[in-house]
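Below is one structure; the comments refer to it alone.
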Amino acid sequence: MTQLTASILKTASSTSATCECADPIPVQRAARKGAAVTICQRCGLRVPLRLR
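The sequence shown: position 41 = 163 (this note's numbering), numbered continuously.
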């Protein structure tokens with residue numbers, strides 16, 4: 123895991139704020155296997171789950 127990925131995951135997991143972008147770009151990052159977090163590439167916050 124790179125330092126950039128570690129800092130992105132730390133920021134995303136430390137806040138309860140979620141992405142409110144009109145059209146988020148979801149990217150999955152993981153600190154370890156099986157612990158993926160979906161974050162927005164634009165703002166760096168967690169992307170809320172949406173059921174379609």
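For every residue, glycine included, the Cβ atom is placed at its ideal position computed from N, Cα and C.
Point to revise | Exposure label - isoleucine 147; buried when at least 16 CB within 10 Å | key: Here residue 147 corresponds to residue number 25 of the sequence shown, with the count starting at 1. Sixteen is the threshold: since fewer than 16 other Cβ atoms of the shown chains lie within 10 Å of the Cβ of isoleucine 147, the residue is exposed.
Exercise for review: Excluding the 5 residues preceding and the 5 following threonine 160 in the sequence, name in chain order all residues of the same chain whose CB lies nearer than 6 Å to its CB.
Suggested key: Here the question's residue 160 lines up with position 38 in the sequence shown. Closer than 6 Å at the Cβ level, and outside the excluded window around threonine 160, lie Pro148, Gln150, Val169.
Practice item. Pull up the distance between the alpha-carbon of arginine 174 and that of serine 138, whole angstroms please. Key: As a working mapping, residue 174 is identified with position 52 in the sequence shown. As a working mapping, residue 138 is identified with position 16 in the sequence shown. Roughly 23 Å separates the two Cα atoms.
Practice item. Spell out the partners DSSP gives valine 169 in its beta bridges. Key: The residue you call residue 169 lines up with position 47 of the sequence shown. DSSP output for valine 169 lists no bridge partner at all.
Practice item. Within the same chain, show all residues whose beta-carbon is closer than 7 Å to that of alanine 163, passing over the 5 residues directly before and after it, in chain order. Key: Here residue 163 is taken as the residue at index 41 of the sequence shown, counted from 1. Checking the sequence shown, residue 163 turns out to be glutamine, not alanine. Hits under 7 Å: Ile147, Val149.
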